[in-house]
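Novice: Heads up: the protein sequence lines correspond to chains A and B, in order.
Using the working numbering, the letters of the first sequence correspond one by one to residues 1 to 327.
Using the working numbering, the letters of the second sequence correspond one by one to residues 1001 to 1264.
We put the beta carbon where it would ideally sit given N, CA and C, even for glycine.
All values derive from a computational prediction rather than experimental measurement.
Take this structure first; my questions come after.
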Amino acid sequence: MGDILILVESKGGGLEKMTLELIRGAEGLAKELSTGVSAVVVGADTAPLAESAAAYGLNKVYRLEHTLLQGFQPDAWVGALEWLCKEVSPGIFLISHSFVGREVAPRLAYRLNTEATTDCIGLRIDPADKGLIRTKPIYGGNAVAIVKTEGIPQIVTVRKGIFEPAEPAATRSEVVSMAPPLDESLLRVKSLKTVEQEVVELDKANVVIAGGRGIAEKEDFEVLTDFAKALSKTHGRVLIGCSRPVVDKGWMSSDHQVGLTGSMISPDAYVAIGISGAVQHLVGMIRSKKIIAINTDLGCNMFKVADYGVVGDYKEILPALIKKLEE
Amino acid sequence: MKEPKIIVCAKQIPDPEAPFSNVSVNVEKKEVVVDAPDVISPYDENALEAAIRIKEEVGGKITVLSMGRKVSDTVLRKTVAAGADALILLEDAAFERLDSRSIAFVLSSAIKKIGEYDLILTGRQAGDWDSGQVGLILAELLGIPSISLARSIKIKDDSVVVEKLVPVGYEVVEAELPALVTVSNEVGELRYVARTKMMALLRRPISIPKWGTKQLELSVEALNPVQLMELCPPPDMRRECVFIEGASSDEKAGKLAAVFKELR
Ligand SMILES: Cc1cc2nc3c(=O)[nH]c(=O)nc-3n(C[C@H](O)[C@H](O)[C@H](O)COP(=O)(O)OP(=O)(O)OC[C@H]3O[C@@H](n4cnc5c(N)ncnc54)[C@H](O)[C@@H]3O)c2cc1C
């Protein structure tokens, strides 16, 4: 059985937290299989990140380096990873269910003649055949499927927060340079430009105040902002989130969206205003320490998962609440 | 350029947005039971909307491909009412609960049977299994470029120019046609189809080809079902909600403010 390989991702020059979680997850599986854990760093200049990853006591850290691997061009990344997997034959390949992972895993699996399972929340080894048993929520989280697939490597993407992040180890990992044979003809999609927008990092908030389709006008989000301002004087960082229909209407950018296809967060408090509580929204905020719901509909699902509920119109409740908070 | 031939892959599923109290799991049959009518998977509707906008701008022909064990043309006729030109159903008992590779394989066979195409659009993920794999695999199978998570799609000469969602904002990318693009909700909701238009369409006989393994010349052995070992209900998410009562909004607001003070 080959090593368990993990795909390293970076954030702000360092290791992405999800990568540390993958290392911890891989260690558990490796023990069951009596095998090792290795990692691959992909890019045009992989030295710094490979150094960081090497601190985690891995078997090997592969530096998959090429000028075409600058930034994230999916065609180049998939091509390079396909080559690496054929070179080093991992038994299992763990990838974060991140922006990169969602795109890479299905394509890579196809090329390696196997089938990936995406967005897993649990992994274990089948004692009978050493296959990887995957737990995956389906129907937005309304059911949980336990599946297996054929083929080596066994490829999965793993949801954020499923494993605790790994701690640095006493032993350093061996760093191995790998030069994938890539050329321009591989790039079928050309990047013309990237437009950077200001993005909120909802996972850094102490409190998230989220509005849904129940918010009648775009301008009404100003009341939510005022509420956030009032609360931020006493409750740390307070940020504005939303449900998907608000993004659909173009009232807020996607980075504010909470849920299955948005951010998954666990703030100290989550205030859901005019959000009904569809399961795809709930999976993004259900781990909040306290959930407070404001909704006109007593029967809505959000009240079923909330700690505190106010049945009423936000247009009346919020201005009054802001006044009280400022007293 | 010539008018583009667009294929939209759209799947019929139990309504993924039904309230969770209407959804249950039959553990024995390993089935999700949804007490709500079937719908077109929401992101596939976004894909159709993107196709219709392209057609409005540069012309073209839209063919909707829908695959399943049993597909209802009443659910899918909505696509024609909204603006698709043709609808093809891929239906066969052997199409039940296949893995992503097999679904992509059947779709690729149907697309090869259709013959000419310029652009294939799929949703970013289906609302039942939430896997987000079929579109990307389909492009691999057909050997064409793929672009994921589109928030806007334009045809320019013989290429497609896409604004693709990325974590820092969006990226403008370009690929030569034919190409495949997976579509996100930021594209916009499928336009509203008036009930009268729907009803008129339901009465009008239109030809909707149905292709199964026979018409596609597929051997059933080539198709792999998902290896579903178990299906479980989700963990219980419920909490005991303390309702904040009061005769006026002011009174409720006062009590709520006290709750926030305690959270500090
Ligand atoms: C594959 C897939 C992925 C998805 N991913 C996400 C995701 O990541 N995030 C997400 O949010 N959704 C997601 N969705 C959509 C999700 O299923 C729901 O459609 C969506 O969450 C509903 O948003 P909402 O609660 O704001 O709107 P609605 O369900 O329309 O609820 C609006 C609520 O506002 C209340 N209201 C109305 N007026 C007022 C008032 N004046 N004061 C107070 N309350 C009022 C109503 O009682 C109602 O409860 C996804 C769907 C699918 C199929």
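(1) Just the C-alpha distance for residue 225 of chain A and residue 194 of chain A, rounded to the nearest angstrom, thanks.
(2) Does the Cβ of residue 1116 of chain B have 16 or more other Cβ atoms within 10 Å, making it buried, or fewer, making it exposed?
(3) Within the same chain, show all residues whose beta-carbon is closer than 7 Å to that of residue 72 of chain A, passing over the 5 residues directly before and after it, in chain order.
(4) Pull the bridge partners of residue 1210 of chain B from the DSSP assignment, please.
(5) Restricting to Cα atoms, I'd like to know which of A:159, A:184 and A:129 is closest to residue 102 of chain A.
(6) Write down the C-beta distance between residue 1179 of chain B and residue 1137 of chain B rounded to the nearest angstrom, noting that I regard them as a contact closer than 8 Å.
(7) With DSSP as the reference, label residue 65 of chain A as helix, strand or coil.
(8) For residue 115 of chain A, return the contacting residues in chain B, with the cut-off set at a CB-CB distance below 7 Å.
(9) Could you give the residue range of the alpha helix (DSSP H) that holds residue 1136 of chain B?
(10) Provide the residue span of the beta strand (DSSP E) that contains residue 206 of chain A, from first to last.
(11) Check the DSSP bridge columns for residue 124 of chain A and list the partner residues they point to.
(12) Is residue 28 of chain A helix, strand or coil by DSSP?
(13) Assuming residue 284 of chain A and residue 265 of chain A are in contact, meaning their beta carbons sit under 8 Å apart, how far apart are those beta carbons, in whole angstroms?
(14) Any idea which residues DSSP pairs residue 43 of chain A with across the strands?
(15) Considering only the alpha carbon of each residue, which of A:125, A:241 and A:21 lies closest to residue 98 of chain A?
(16) Can you find a C-beta in chain A that's less than 8 Å from the C-beta of residue 1057 of chain B?
(17) What separation, rounded to the nearest whole angstrom, lies between the Cα atoms of residue 1096 of chain B and residue 303 of chain A?
(18) I'd like to know whether the C-beta atoms of residue 1048 of chain B and residue 1107 of chain B end up nearer to each other than 8 Å.
(19) Quick one: is residue 292 of chain A buried, meaning 16 or more other Cβ sit within 10 Å of its Cβ, or exposed?
(20) Only counting the same chain, and skipping five residues up and downstream in sequence, which positions put a Cβ closer than 7 Å to that of residue 1082 of chain B?
(21) Which of the three DSSP states is assigned to residue 35 of chain A in this structure?
(22) Is there at least one non-hydrogen atom of ligand 1 closer than 7 Å to the beta-carbon of residue 1213 of chain B?
(23) Please go through the same chain and pick out, in chain order, the residues whose beta-carbon is closer than 6 Å to the beta-carbon of residue 367 of chain A, but skip the five residues on each side of it.
(24) Counting contacts by CB-CB distance shorter than 8 Å, is residue 130 of chain A in contact with chain B?
(25) Measuring CB to CB, does residue 366 of chain A end up less than 8 Å from residue 153 of chain A?
(26) For residue 1122 of chain B, count neighbouring Cβ atoms within 10 angstroms of its own Cβ and tell me buried if that reaches 16, exposed if not.
(27) Ligand 1 heavy atoms versus the CB of residue 203 of chain A: any closer than 7 Å?
Specialist: The relevant details are as follows:
(1) 29 Å
(2) exposed
(3) 100
(4) B:1089
(5) A:159
(6) In fact, because the Cβ distance is near 15 Å, the residues do not count as touching under 8 Å.
(7) strand
(8) 1099, 1100 and 1101
(9) 1134-1142
(10) Taken as a continuous stretch (DSSP letters only), residue 206 of chain A belongs to no beta strand (DSSP E), as it is neither H nor E.
(11) A:133
(12) helix
(13) 7 Å
(14) A:65
(15) A:21
(16) no
(17) 37 Å
(18) no
(19) buried
(20) 1048, 1052, 1190, 1191 and 1193
(21) coil
(22) no
(23) A question about residue 367 of chain A goes unanswered here, because the residues of chain A that appear run from 1 up to 327.
(24) no
(25) An answer regarding residue 366 of chain A cannot be provided, because it is not within the stretch 1 to 327 covered by chain A.
(26) buried
(27) no
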